[in-house]
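To convert, note that position 26 of the sequence shown is 26 in the UniProt record's numbering; the numbers rise steadily by one, no gaps. From the three backbone atoms N, C-alpha and C, an ideal C-beta is built for every residue, glycine too. Single-structure report; data block below.
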Amino acid sequence: MTRVKLCGLTRPEDVRAAVELGFDALGFILVPTSPRRVTFEAVAALRPLVPPFVAVVAVVAGAAEEELDRLVASRLFDAVQFHGGETPDLVASVPLRRIVALSVAERGDLDRARDYGGVADAFLLDTKWGGKRGGTGRSFDWNVLRGFDFGRPIVLAGGLGPENLKRAVEAVGPDAVDLNSRLESAPGVKDRRLMEEAMRVLGRPGPVGEGRGRG
Ligand SMILES: O=C(O)c1ccccc1N[C@@H]1O[C@H](COP(=O)(O)O)[C@@H](O)[C@H]1O
1 MTRVKLCGLT RPEDVRAAVE LGFDALGFIL VPTSPRRVTF EAVAALRPLV
51 PPFVAVVAVV AGAAEEELDR LVASRLFDAV QFHGGETPDL VASVPLRRIV
101 ALSVAERGDL DRARDYGGVA DAFLLDTKWG GKRGGTGRSF DWNVLRGFDF
151 GRPIVLAGGL GPENLKRAVE AVGPDAVDLN SRLESAPGVK DRRLMEEAMR
201 VLGRPGPVGE GRGRG
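The structure is reproduced here in structure tokens:
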């Protein structure tokens, strides 16, 4: 089964919908330049809506050591997605699950995975485009991944939505997919219909609790 992370959540109704639809992980973007940026305080307010079996992921880019210390101390997150080329030493210093994002346009971009071999719990493969950190809404040429051994689970990201998810999963066979801007009506505003459609394409069950585990 392909696991699914929904990223860039900012609103309680979207968190509730994601939990109800069975997303496996929810991402909260702490990157100051992101239109989906949330504060620790905002995440603290949303956190009680997330049951213990759904992972909560902090997305950072170019974070300083002090911010990472604060992040860990907050106890809000199960994992950190490093989206800004943080050094392997800095990544290794974080005592949570560590997802290292690689910006990919060509095969050579994958070489950086070797630097993080001992410290990444998973690699997230996102589109390198226009100097942006993430959230580009664009996919990259998945052929460049062919035969590359990451030695860790991989999360495919970058412009994934209902229209290309099936092809992406068939082409790459990722352990998980990461969905973000293609499920939105505006940055940080998720569209429930698109969320449902994405889960349907992935062959995931309908809303949790619907016809299952009740009475
Ligand atoms: O979405 C953002 O604004 C963002 C900003 C800075 C770092 C990461 C960001 N999002 C991540 O980008 C990928 C792909 O998003 P998309 O599907 O192309 O919109 C996803 O992993 C998000 O976590």
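Check                                                                                                         : Outcome
Touching by the beta-carbon criterion (3+ pairs, under 8 Å), the segment 49 to 56 and the segment 149 to 160  : no
Host alpha helix (DSSP H) of L165 (start-end)                                                                 : 165 to 172
Three CB pairs or more closer than 8 Å across the segment 179 to 188 and the segment 6 to 14                  : yes
Alpha helix (DSSP H) segment containing E197, residue limits                                                  : 192 to 201
Minimum C-alpha distance to M199 - residue among T136, R75, L165                                              : L165
Nearest to E13 (by Cα), restricted to the options L156, T39, R47                                              : R47
Residues that DSSP places opposite F123 in a beta bridge                                                      : V100, I154
Own chain partners of R112 with C-beta closer than 7 Å, once the 5 adjacent residues on each side are dropped : L102
Helix, strand or coil at F77 [DSSP, three-state]                                                              : coil
Beta-carbon separation (whole angstroms), V60 vs G84, contact threshold 8 Å                                   : 7 Å
A113 (DSSP reduced to helix, strand or coil)                                                                  : helix
F140 to L160 span [Cα, whole Å]                                                                               : 10 Å
Cβ-heavy atom distance, N180 to ligand 1, below 8 Å                                                           : yes
Terminal residues of the alpha helix (DSSP H) in which R16 lies                                               : 12 to 21
Same chain only: Cβ atoms within 6 Å of F23, ignoring 5 sequence neighbours per side                          : V4, L6
Of the listed residues A63, T2, W129, nearest to L30 (C-alpha basis)                                          : A63
A101: CB within 8 Å of a non-hydrogen atom of ligand 1                                                        : yes
Opposing strand residues paired with K5 [DSSP bridges]                                                        : A25, D178
First and last residue of the uninterrupted alpha helix (DSSP H) at V91                                       : 88 to 92
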